[in-house]
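Scroll down for the structure; my scribbles are underneath it.
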Amino acid sequence: MARAFTIGIVSDIHFASDAEQARGDDYEINAVSHPALRLLLRAYRHFIWLRHPLRQNHLLDHFIDHLGPVDFVVANGDYSCDSGFMGVSDEASFQSATLCLARLRSRFGTAFQATMGDHELGKFSFVGGRGGMRIKSFHRAQRDLGLEPFWKQDLGHYVLMGVTSSLISLPVLKSETLQEEFPEWQQLREAHLENIRQAFSELRSSQRVLLFCHDPTALPFLWQEEPVRQRAAQIERTIIGHLHSPLIFWKSRLLAGMPRIKFLGHSIQKMSQALHEARHWKAFHVCHCPSLAGIELLKDGGFFTLELPALEPASTTLTRHRIAR
């Protein structure tokens, strides 16, 4: 007999180990040498983004304590603060991700899955282009943290799929990789896409897909895959993270299709390219899960629960749970 399911969804936890906390909340600001840029970044972090990025560990406890009864839990990437900008090849970031995932697995056991985010693999700092993606981070995330690039879970007539956005969107992240590592990244990407193609090709007509993808930059690249396009009508929802705030998600949708900006530095170029391609998001029925902390300006963090009906054609019900701070 068919039954209903409830899923808990959390994203962008940004747990900080003692080693990451020792770097101080101004770890990114202190790495900027230009006085004017440092001042602007400090103001942005203080008033808009997040004033104390390394002091939010209690929010994970809040999520675990207030989630309520669920059948399954998905964490959608970014378990550390990536204060070394090189993913979990940085020891302090690895410790953070280890502690974060251990808490989640201890609480939810086998009813838990986790996707890789950009903090697991590494990314350029917002200003200055420090760090980047590291192959060591990928292998360490998979081997030592138990994070699989692609995973699949059946719940009734729903199929949950988790993908790795940094692999899928590798073409726009090439400059963030080391030249000697890029061929291996390409091989990992192709293997990942083949897993996704196969999973979509094997879908039964009665099944509905719940797709978990940390960074929406990957979605236009997924749309290039024929099996995904052929089964797009079966995508019930795509849950993304990465943007931290519903405000940023709203602005991203508003600016979808904007021209690419080819100056003002790497971060602006990357974001404008992602927004240029965001017109392809529509087919994925995108829903944004905020970070636990949200942004400083609005303090709009939280998590989701998703109710899956026992029988079709009833719709899924997504509920946002805000965290006051």
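In this text, residue positions in the sequence shown follow our numbering: the first is 812, and each later residue adds one.
Beta carbons: idealized from backbone N, C-alpha and C, even for Gly.
Less than 6 Å between C-beta atoms, sequence neighbours within five positions excluded: which residues of the same chain meet that for residue i?
| i | result |
| --- | --- |
| Gly1052 | Ser822, Asp823, Asn887, Gly888, His1025 and Cys1100 |
| Ser907 | Phe826, Ala827, Ser828, Glu831 and Ser891 |
| Val1039 | Phe1011 and Leu1033 |
| Phe1074 | Since pLDDT at Phe1074 reaches only 45, below the 50 mark, its modelled position is unreliable, and the value read off the structure follows with that caveat. The answer is none, since no qualifying residue turns up. |
| Val970 | Gln1018 and Val1020 |
| Gly898 | Glu931, Leu932, Gly933, Arg945 and Ser948 |
| Ser976 | Cys1024, His1025, Asp1026 and Ala1029 |
| Arg1136 | Lys1110 |
Using a C-beta cutoff of 9 Å, does residue i count as contacting chain C?
| i | result |
| --- | --- |
| Trp1092 | Among the chains in the structure shown there is no chain C, since it carries only a single protein chain. |
Name the two residues that bound the continuous alpha helix (DSSP H) containing residue i.
| i | result |
| --- | --- |
| Asp829 | Asp829 to Gln832 |
| Glu1037 | Glu1037 to Gln1041 |
| Leu1030 | Leu1030 to Trp1034 |
What does a CB cutoff of less than 7 Å around residue i pick up in its chain, not counting 5 residues either side in sequence?
| i | result |
| --- | --- |
| Phe816 | Asp882, Phe883, Leu966, Gly967 and Leu1119 |
| Leu999 | Phe949 and Leu978 |
| Arg862 | Arg856 and Glu1107 |
| Phe874 | Val821, Leu1103 and Phe1114 |
Can residue i and residue j be called in contact, C-beta distance under 9 Å?
| i | j | result |
| --- | --- | --- |
| Ala1104 | Gln953 | no |
| Ser936 | Phe896 | yes |
| Trp1092 | Leu1030 | yes |
| Ala925 | Gly973 | yes |
| Thr1116 | His1132 | yes |
| Leu984 | Met944 | yes |
| Ile946 | Leu915 | no |
| Ser1098 | Thr1128 | It should be noted that the sequence gives Cys, not Ser, for residue 1098. No, they are not a contact pair. |
| Phe923 | Leu956 | no |
| Ser1016 | Gln1041 | no |
Within a Cβ cutoff of 8 Å, which residues of the same chain sit near residue i, ignoring the five residues on either side of it in sequence?
| i | result |
| --- | --- |
| Leu865 | Ala827, Glu831, Gln832, Arg834, Gly835, Asp836, Tyr838, Cys892 and Ser894 |
| Leu910 | Phe826 and Ser828 |
| Ala789 | This structure gives no information on residue 789, because the portion of the chain shown stretches from 812 to 1136. |
| Leu1058 | Ile1106, Leu1108, Leu1109 and Asp1111 |
| Gly920 | none |
| Asn1006 | Pro960 and Phe961 |
| Leu1130 | The question names Leu, yet the displayed sequence has Thr at residue 1130. Once the five neighbours on either side are set aside, the close Cβ partners of Thr1130 are Phe1115, Thr1116, Leu1117 and Glu1118. |
| Phe858 | Glu1107 and Leu1108 |
By the DSSP assignment, the beta strand (DSSP E) with residue i in it spans what residues?
| i | result |
| --- | --- |
| His1099 | Val1097 to His1099 |
| Gly1112 | Where Gly1112 is concerned, there is no enclosing beta strand (DSSP E), given that its DSSP letter is neither H nor E. |
| Glu839 | Taken as a continuous stretch (DSSP letters only), Glu839 belongs to no beta strand (DSSP E), as it is neither H nor E. |
| Leu1021 | Arg1019 to Cys1024 |
| Ile1106 | No beta strand (DSSP E) holds Ile1106; DSSP gives it neither H nor E. |
Quick one: what's residue i bridged to in DSSP?
| i | result |
| --- | --- |
| Gly819 | Val884 and Thr1116 |
| His845 | His845 is not bridged to any residue. |
| His1132 | Phe1114 |
| Ile1051 | His1099 |
| Phe1060 | Answer is none; Phe1060 lacks a bridge partner. |
| Ile1046 | Val1020 |
Give the list of continuous beta strand (DSSP E) stretches no shorter than 3 residues that lie fully inside the region 929-1015. 962-966 and 969-974
Enumerate, from N- to C-terminal direction, the unbroken alpha helix (DSSP H) stretches of 4 or more residues contained entirely within the region 856-925. 869-877 and 902-919
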